[in-house]
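Participant:
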Amino acid sequence: DTEVTQTPKHLVMGMTNKKSLKCEQHMGHRAMYWYKQKAKKPPELMFVYSYEKLSINESVPSRFSPECPNSSLLNLHLHALQPEDSALYLCASSSDRDRQPQHFGDGTRLSIL
Amino acid sequence: GENVEQHPSTLSVQEGDSAVIKCTYSDSASNYFPWYKQELGKGPQLIIDIRSNVGEKKDQRIAVTLNKTAKHFSLHITETQPEDSAVYFCAATLLSSNTGKLIFGQGTTLQVKP
Chain A
271 DTEVTQTPKH LVMGMTNKKS LKCEQHMGHR AMYWYKQKAK KPPELMFVYS YEKLSINESV
331 PSRFSPECPN SSLLNLHLHA LQPEDSALYL CASSSDRDRQ PQHFGDGTRL SIL
Chain B
57 GENVEQHPST LSVQEGDSAV IKCTYSDSAS NYFPWYKQEL GKGPQLIIDI RSNVGEKKDQ
117 RIAVTLNKTA KHFSLHITET QPEDSAVYFC AATLLSSNTG KLIFGQGTTL QVKP
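Chains as they are written, first to last, in my numbering: chain A, 271 to 383; chain B, 57 to 170.
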């Protein structure tokens, strides 16, 4: 079992829907990350949060909106997604010192109809 | 920027044999190299990592070697078992940048045949 918990495990949504992905960790980590992973590819970094503040945005479209309400929780709000946004969305966490190693959750499998 | 090449893309071995996956990085400043194992339907799991001040690290059946001069590092799995079957990703980063950015290789699909 991973120590980073992501919900839901699967999500199917239409292009006009609004939904949110959730991530939770209780390892005391102060850095949290969102990654996108397409089939048979490595994870691609989307956002980095450090001490609940957005540290890095890898030029992600505004239809993805991250939020870090506290040190244990990370959300990714989704709106007006495109079919090409279908992917596995992974959350990870680490200590803020060095920001390594990163511990990943099992992801949310997102399908856009 | 950093680029990591990983070979082979697929690897099939018989149970009990050894498996070796190799990665080459381009930025000589990189100093942290983790290896992740990703099973079907799961997220990447850190299995071993190495920092540039160390040439080799072992953890039971898994070892990683680093050659800083040649800028390559390798994952060695001995006495492979069917449960080792998964996709393996290498990665590289510069710790002092403190960005958290990992540059991943393209992955190796390892199949261990019983």
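The C-beta atom is built at its ideal place from N, Cα and C for all residues, glycine as well.
So which residues on chain B does Ser364 (chain A) lean against when the C-beta distance must stay under 9 Å?
Facilitator: Here residue 364 (chain A) corresponds to residue number 94 of the first sequence, with the count starting at 1. Simply Gly156.
Participant: Could you give the DSSP three-state label for Pro371 (chain A): helix, strand or coil?
Facilitator: Taking the first sequence and counting its residues from 1, the one referred to as residue 371 (chain A) is at position 101. Looking at Pro371 (chain A) - three-state DSSP - the assignment turns out to be coil, as it is neither helix nor strand.
Participant: Look up Met283 (chain A) in the DSSP assignment and give the residues it is bridged to.
Facilitator: Locating residue 283 (chain A) in the first sequence gives position 13, counting from the first residue. Beta-bridge pairing links Met283 (chain A) to A:Ile382.
Participant: Using a beta-carbon distance below 9 Å, is Leu102 (chain B) in contact with chain A?
Facilitator: Working through the second sequence from its first residue, we reach residue 102 (chain B) at position 46. Yes, its Cβ sits closer than 9 Å to a Cβ of chain A.
Participant: Rounded to whole angstroms, what's the CA-CA distance from Leu122 (chain B) to His63 (chain B)? Just pull it up for me.
Facilitator: For the purposes of this step, residue 122 (chain B) is taken as the residue at position 66 of the second sequence. For the purposes of this step, residue 63 (chain B) is taken as the residue at position 7 of the second sequence. Computed Cα separation, rounded: 15 Å.
Participant: Three or more C-beta pairs closer than 8 Å, one from the stretch 120-140 of chain B and one from the stretch 343-355 of chain A: is that the case here?
Facilitator: no
Participant: Given this structure, state the Cα-to-Cα distance separating Phe334 (chain A) from Gln307 (chain A), to the nearest angstrom.
Facilitator: For the purposes of this step, residue 334 (chain A) is identified with residue 64 of the first sequence, where counting begins at 1. For the purposes of this step, residue 307 (chain A) is identified with residue 37 of the first sequence, where counting begins at 1. Distance between the alpha carbons of Phe334 (chain A) and Gln307 (chain A) is about 15 Å.
Participant: Report the three-state DSSP secondary structure of Leu151 (chain B) (helix, strand or coil).
Facilitator: In the second sequence, residue 151 (chain B) corresponds to position 95, counting from 1. Three-state result, Leu151 (chain B): helix.
Participant: Residues in the same chain with beta-carbon distance under 7 Å from Gly111 (chain B), minus the five sequence neighbours each way, listed in chain order, please.
Facilitator: Position 55 of the second sequence, counted from the first residue, corresponds to residue 111 (chain B). Contacts found: Thr121 and Leu122.
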